[in-house]
Amino acid sequence: MSLSAATLLLPAPDAAWRVWKPRANASAEAVESPAETSHLGKPLIIGLPAASCRTIGLILPQTDSELLEQIIVTQLERRGFKLEQDSAGKNYRWHLLGTSAGQSVISVDLLADPFPQALAAEHASDYTAALRLAQLPAGHLVIVEEQGDLVLAASHQGKLYHSHIFAQAPLNEETLALEITLARLSLEADLGVGTIEGVALIGGSFDKTLATRLSDVIDLPTRIVAELAPNTALDTRSWTKMLPAGIRQAQTASVRRGKITRALILGGMLYLSLAFLAFAYLRYQEQRAAELAEEVALTSEPAAAVRKANERWKALAPAIEPKRYPLFLLAEINRIMPGSGIVIREFEVKGSEIEIRGEARDAQLAFQFIEDFKKNRVLSRYQWTAPRPELKGTTATFRAQGKLL
0 MSLSAATLLL PAPDAAWRVW KPRANASAEA VESPAETSHL GKPLIIGLPA ASCRTIGLIL
60 PQTDSELLEQ IIVTQLERRG FKLEQDSAGK NYRWHLLGTS AGQSVISVDL LADPFPQALA
120 AEHASDYTAA LRLAQLPAGH LVIVEEQGDL VLAASHQGKL YHSHIFAQAP LNEETLALEI
180 TLARLSLEAD LGVGTIEGVA LIGGSFDKTL ATRLSDVIDL PTRIVAELAP NTALDTRSWT
240 KMLPAGIRQA QTASVRRGKI TRALILGGML YLSLAFLAFA YLRYQEQRAA ELAEEVALTS
300 EPAAAVRKAN ERWKALAPAI EPKRYPLFLL AEINRIMPGS GIVIREFEVK GSEIEIRGEA
360 RDAQLAFQFI EDFKKNRVLS RYQWTAPRPE LKGTTATFRA QGKLL
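Under numbering that gives the first Met the number 0, the letters of the sequence shown match residues 0 to 404, in that order.
Encoded structure:
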């Protein structure tokens, strides 16, 4: 995302904050605190003064970004800074500005700890150092007033490298000259001799003759610039989120609440959908039942006639079904009789029942004869029962009854 598409909130020289609308050439609105900017909408990027966001320059070996971040974290922790991060963001962010003498030029923004509650705005998309968003004059030390504090900043190729508060307004010329000289020596030790080419005094509160006097003292060209405009060409797409702990927690809770709300809404919609489907299915079943009842009513008379005809045919079955003719059944019995040892004394067919009485050579033969009924393709249609054969002398009297299944 380019800054031209975001609303910026930047500190003014006094205690106020200036609002820069997307693609605006000047700030036309001021607010007292970031909490009063909820009406501005998103994306909102808040540029913090040096009192709330430290900017530290580091010269480190060239390596891949993952290892470089580990080195940066180690360097910051050695200096006593407390680093925090979670899924919502971090309380620091580093920027690779370029290279110098084969080394990586790194600038790190680090939120103050504890972070001022007055600067916390839950609707903010991101935080950064205010001077990170400005167009800094390349090769110049910048002196700017941020809400009553005098801040010295240095850039590398026009990008913020380092900044710190060195005094309170109003300005003391001797203190200013000494601070510029010391900063120049320290920064040129990192970035190389000759990298500081001049000084820019930002704002209309500086005496117009101060630039001339200061140039003579520090032996650097000094000029006064009305204000630093935001760098609208700055691309923030690769930036990680830098947010105070309170805002990270609030945004995480908001995301969690959003997920729960969406889950509840989806659950409610699913419940209503199921209820509607159940109601629709019930209505369909009721309509289907009514239709079937009508069909049953329409077919009741024909069905009764069919049932009556079926009963008549069943009554006629012994007369019209060959397999139920007594002679046919007797022929099947004779077919399974052994060559000797069995005599049939009585054979009677009554409707769907058969009764057979006879004599056998012995009880075993009588039992086997009745068992053969159950294996016959015709006689097996009957359910056969037989009491134990009775022995009379040398013969066994047997009786078998079959009932059509």
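Don't be surprised by glycine CBs; every beta carbon is placed ideally from N, CA and C.
Helix, strand or coil at residue i according to DSSP, with G and I counted as helix
i      : result
Glu320 : coil
Asp371 : helix
Ile195 : coil
Phe205 : coil
Ser103 : strand
Phe327 : helix
Thr435 : As displayed, the chain neither begins before 0 nor continues past 404, which places residue 435 out of reach and without an answer.
Arg222 : strand
Val377 : coil
Ala120 : coil
Ala292 : helix
Gln156 : coil
Pro477 : In the structure displayed, the chain extends from 0 to 404; residue 477 sits before or after that span and is not available.
Thr239 : coil
Pro113 : coil
Leu135 : coil
Leu404 : coil
Residues sharing a beta bridge with residue i, DSSP
i      : result
Tyr126 : Ile45
Asp148 : Glu145 and Gln167
Asp108 : Thr54 and Arg92
Gly392 : DSSP output for Gly392 lists no bridge partner at all.
Ile386 : Before going on, a small fix: residue 386 reads as Pro here, not Ile. Pro386 pairs with nothing; no bridge assigned.
Met336 : None, per the DSSP bridge assignment.
Ala355 : In the sequence as displayed, the identity of residue 355 is Ile instead of Ala. For Ile355, which the question treats as bridged, DSSP gives the partners Phe346 and Ala399.
Pro10  : Trp16
Ser162 : Thr54 and Ala152
Leu184 : Its beta-bridge partners do not exist; DSSP assigns none.
Leu200 : Ile142 and Ile223
Ile341 : Ala359
Member of the options whose CA lies at the smallest distance from the CA of residue i
i      : options                           : result
Asp125 : Ser154, Leu9 and Ala308           : Leu9
Gly191 : Asp13, Leu328, Ile58 and Leu110   : Ile58
Gly245 : Lys89, Ala5, Ile319 and Ala228    : Lys89
Thr6   : Pro12, Asp13, Ala29 and Ala14     : Ala29
Ala362 : Lys391, Pro169, Gln134 and Thr231 : Lys391
Gly147 : Ala166, Leu219, Leu326 and Leu135 : Ala166
Ala152 : Leu110, Asp112, Ser185 and Glu172 : Ser185
Ala182 : Ser162, Glu172 and Arg344         : Ser162
Leu135 : Leu219, Leu170, Ala225 and Ile164 : Ala225
Ile70  : Val107, Ala232 and Leu170         : Val107
Gln382 : Pro388, Asp371 and Glu389         : Asp371
Ala168 : Ala14, Glu293 and Glu358          : Ala14
Glu187 : Ala4, Ala176 and His155           : His155
Glu354 : Gln400, Pro386 and Ala385         : Gln400
Gly340 : Pro113, Ala385 and Glu358         : Glu358
Ala11  : Gln74, Leu130 and Asn24           : Leu130
Ile55  : Ile335, Glu68 and Leu75           : Leu75
Arg360 : Ala137, Leu326 and Pro337         : Pro337
Ile164 : Ala292, Ala49 and Asn230          : Ala49
Arg68  : Arg334, Arg92 and Asp85           : Just to set this straight, residue 68 is Glu in the shown sequence, not Arg. It is Arg92.
His94  : Ser86, Ala128 and Pro113          : Ala128
Thr180 : Asp206, Leu170, Val216 and Gly157 : Val216
Leu109 : Thr239, Asp206, Glu31 and Glu35   : Thr239
Glu173 : Ser214, Arg387, Gly157 and Ala137 : Ser214
Ala87  : Lys207, Gln248, Leu281 and Ile369 : Gln248
Asn460 : Thr251, Leu159 and Ala304         : As shown, the chain starts at 0 and ends at 404. That puts residue 460 outside it, with no answer to give.
Leu2   : Gln61, Val72, Glu65 and Ala133    : Ala133
Asp85  : Gln61, Met241, Ala228 and Leu175  : Met241
Ala23  : Ala4, Glu31 and Thr36             : Ala4
Cys52  : Ser204, Thr62, Ala25 and Asp112   : Asp112
Threshold first: 3 residues or longer. Then list the beta strand (DSSP E) segments lying entirely within the stretch 12-98, N to C.
Annotation: the stretch 12-98 contains the following complete segments of the beta strand (DSSP E) (minimum length 3 residues), in chain order: 16-19, 28-30, 43-47 and 52-60.
Counting Cβ pairs closer than 8 Å, one from the stretch 133-144 and one from the stretch 95-112, do we hit at least three?
no
At least 3 beta-carbon pairs within less than 8 Å: the stretch 100-120 vs the stretch 35-45
yes
Three Cβ pairs or more, each shorter than 8 Å: is that satisfied between the stretch 182-199 and the stretch 66-79?
Touching, no, given that fewer than three Cβ pairs across the two stretches are closer than 8 Å.
For the structure I just gave you, are there three or more beta carbon pairs, one from the stretch 17-31 and one from the stretch 103-115, closer than 8 Å?
no
Specify whether the stretch 368-388 and the stretch 342-350 touch according to this definition: at least 3 beta carbon pairs, one from each stretch, less than 8 Å apart.
no
Could you check whether the stretch 248-267 touches the stretch 212-226, counting it as contact only if at least three pairs of C-beta atoms, one from each stretch, sit closer than 8 Å?
No: fewer than three Cβ pairs fall under 8 Å.
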